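J.:
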Amino acid sequence: ETGVTQSPTHLIKTRGQQVTLRCSSQSGHNTVSWYQQALGQGPQFIFQYYREEENGRGNFPPRFSGLQFPNYSSELNVNALELDDSALYLCASSWTSGRATDTQYFGPGTRLTVL
Amino acid sequence: AQSVTQLGSHVSVSEGALVLLRCNYSSSVPPYLFWYVQYPNQGLQLLLKYTSAATLVKGINGFEAEFKKSETSFHLTKPSAHMSDAAEYFCAVTLNQAGTALIFGKGTTLSVSS
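Residue numbers (our numbering), protein chains in the order written: chain A, 79 to 193; chain B, 223 to 336.
1) Taking Cβ-Cβ distances shorter than 8 Å, what residues in chain A pair up with Ala323(B)?
2) Strictly under 7 Å for the Cβ-Cβ distance: is Phe285(B) near chain A by that measure?
3) May I ask you to report which of helix, strand or coil DSSP gives Asn283(B)?
4) If distances are taken between C-alpha atoms only, which option among Gln122(A), Leu193(A), Val82(A), Leu166(A) comes closest to Ser105(A)?
5) In angstroms, rounded to a whole number, what distance separates the CA positions of Ala165(A) and Leu117(A)?
6) Report the CB separation of Gly136(A) from Gly265(B) in whole angstroms; it is logged as a contact under 8 Å.
7) Within 7 Å of any Cβ in chain B, is that where the Cβ of Pro139(A) sits?
8) Looking at chain A, is there any beta carbon in it that lies within less than 7 Å of the beta carbon of Phe296(B)?
9) Does DSSP put Leu161(A) in a helix, in a strand, or in coil?
10) Got a sec, what are the start and stop residues for the beta strand (DSSP E) Leu145(A) sits in?
11) At a Cβ cut of 9 Å, what residues of the region 172-192 of chain A count as close to chain B, listed as they run along the chain?
12) Hey, Leu154(A) and Gly144(A): beta-carbon distance below 7 Å or not?
13) What residue from Asn263(B), Val334(B), Lys328(B) has the CA that sits closest to Ser225(B)'s CA?
14) Throw me the rounded Cβ distance for the Val241(B) and Thr299(B) pair, which I believe falls under 8 Å.
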């Protein structure tokens, strides 16, 4: 069974740039959630994708957007990067059947640094 | 609104001592509760979860947690600490099932000394 994978591992960008982070869900999972973890803080929910549509969103501005592909992998896009976007970005996958969704399993994360 | 409070940002124990990490939650409906562990430069690993079945939940690596509705608590314990338990521990809550937004606490760093 393949776990959740994320790429790249580390990324350095400058203010105003755009970034794309990628996530491959665990085998058998159809739902992907993204979280932002600032240094010294707990993860914060950005949004969730199920059936290629956004299925819930946290308190993040529209410049944070995402996609889910038919193979259930996902991308997180952040436009107009700000210094405060520097964080560890975590992807979690889970299985949804009807209205029931199972436990979320996390990938290793992508460390984004904005200079 | 749901929230989680982890009491103590840093806990230090000796190897072989009891580990107790505290978590209190706030939820208007019966919650689902989780403990995750994060080792340096890694993602989150699920330790255990409470989903309204047994109130005493056993997880991996010898950890367990007890759901106490009257105290709105879900404290994590381990009878005997091991050096490899040193990590960051996060308590999280969610409303319906486990797949909607997880609300995390700020985390507790566990240090284990020999």
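Even for Gly, the Cβ is constructed at its ideal location relative to N, Cα and C.
Model, not experiment: these values are computed from the prediction.
T.: According to the structure shown:
1) Here the question's residue 323(B) lines up with position 101 in the second sequence. Simply Ser111, Phe123, Gln126, Gly134, Gly136.
2) Counted from its first residue, the second sequence places residue 285(B) at position 63. For Phe285(B), the answer is no, since every Cβ of chain A falls outside 7 Å of its Cβ.
3) For this step, residue 283(B) is matched to residue 61 along the second sequence. Looking at Asn283(B) - three-state DSSP - the assignment turns out to be helix.
4) As a position in the first sequence, residue 105(A) is number 27, starting the count at 1. Among Gln122(A), Leu193(A), Val82(A), Leu166(A), the Cα nearest to that of Ser105(A) belongs to Val82(A).
5) As a position in the first sequence, residue 165(A) is number 87, starting the count at 1. As a position in the first sequence, residue 117(A) is number 39, starting the count at 1. Cα-Cα distance, rounded: 6 Å.
6) Indexing the first sequence from 1 puts residue 136(A) at position 58. Indexing the second sequence from 1 puts residue 265(B) at position 43. Wrong, their Cβ atoms sit about 18 Å apart, outside the cutoff.
7) Taking the first sequence and counting its residues from 1, the one referred to as residue 139(A) is at position 61. The Cβ of Pro139(A) sits no closer than 7 Å to any Cβ of chain B.
8) On the second sequence, position 74 is the one that residue 296(B) refers to. Output row for Phe296(B): interface = no.
9) Taking the first sequence and counting its residues from 1, the one referred to as residue 161(A) is at position 83. DSSP places Leu161(A) within a helical segment (H, G or I) once states are collapsed to three.
10) Along the first sequence, read from residue 1 onward, the residue named residue 145(A) stands at position 67. Note, Leu145(A): beta strand (DSSP E), 142-146.
11) Cβ contacts with chain B: Ser172, Trp173, Thr174, Arg177, Ala178, Thr179, Asp180, Thr181, Gln182, Tyr183, Phe184, Gly185, Pro186, Gly187, Arg189.
12) Counting from 1 along the first sequence, the entry for residue 154(A) is found at position 76. Counting from 1 along the first sequence, the entry for residue 144(A) is found at position 66. Contact: yes.
13) The count along the second sequence starts at 1 and reaches residue 225(B) at position 3. Ranking the options by Cα distance to Ser225(B), first place goes to Lys328(B).
14) As a working mapping, residue 241(B) is identified with position 19 in the second sequence. As a working mapping, residue 299(B) is identified with position 77 in the second sequence. Confirmed, Cβ separation roughly 6 Å.
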